[in-house]
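Shown next, in structure tokens, is the structure this report addresses.
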Amino acid sequence: MAKYLAIFNDTIDEIEINGFVVMNEKDVETYEEMATSIGWPFVYAVGEDELEYSSGEDLLSRIEFKEITQEEAKAFKRLFNNEFGVFISESFLAEVIGEEEYDDDEFEDGYDDDDYDDDSKYYDDDLDDTY
904 MAKYLAIFND
914 TIDEIEINGF
924 VVMNEKDVET
934 YEEMATSIGW
944 PFVYAVGEDE
954 LEYSSGEDLL
964 SRIEFKEITQ
974 EEAKAFKRLF
984 NNEFGVFISE
994 SFLAEVIGEE
1004 EYDDDEFEDG
1014 YDDDDYDDDS
1024 KYYDDDLDDT
1034 Y
């Protein structure tokens, strides 16, 4: 499968913001699909500053996808662990889109709401009526 170097380049107050990530062909397609589905303005925080985009297409205009060889991909992995600098991730795009899914089990508190007595702030099962 082909490998690509996705090169990001933008500016904040005349300061260049750059980064890259190595992607495979499927990653590039997914990234482009996610970005093009964003038709509204969004902001990406870089330290105390922000990069502002009018849409996902605006973001994509600042990214160049360059096909690289397997040897080059191996070198990027060895030297940079496949990424370097600032690059707006797929997970950030998912947040912008609102499709980030949360595992409901992660937020279960383990309490049965029927056993909770709002007036006393105790659980009914914890109260012993045989004093």
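Heads up: the sequence shown runs through residues 904 to 1034, numbered per the numbering used here.
C-beta: ideal position from N, C-alpha, C; glycine also.
Rounded distance between the beta-carbons of F968 and A909, thought under 8 Å: Contact holds; Cβ gap of about 5 Å.
At least three beta-carbon pairs within less than 8 Å, the segment 913-923 to the segment 971-989: Yes, they touch.
Within 8 Å, strictly: CB atoms of E970 and T933: Going by C-beta atoms, E970 is not nearer than 8 Å to T933.
Integer-rounded CB distance, given that P944 should sit under 8 Å from E935: 19 Å between Cβ atoms; not a contact.
Option in I1000, V925, D916 with minimal Cα separation from A976: When only C-alpha atoms are compared, the closest one is V925.
V924: first and last residue of the uninterrupted beta strand (DSSP E) it sits in: First-last of the beta strand (DSSP E) with V924: 918-927.
Host alpha helix (DSSP H) of F979 (start-end): Its alpha helix (DSSP H) spans residues 973-983.
Expected contact under 8 Å - CB spacing of I915 and V949 to nearest Å: Rounded to the nearest angstrom, the Cβ distance from I915 to V949 is 6 Å, consistent with a contact under 8 Å.
Environment of F979 [buried if 16+ CB atoms lie within 10 Å]: Of the other Cβ atoms in all chains shown, 16 or more fall within 10 Å of the Cβ of F979; this residue is therefore buried.
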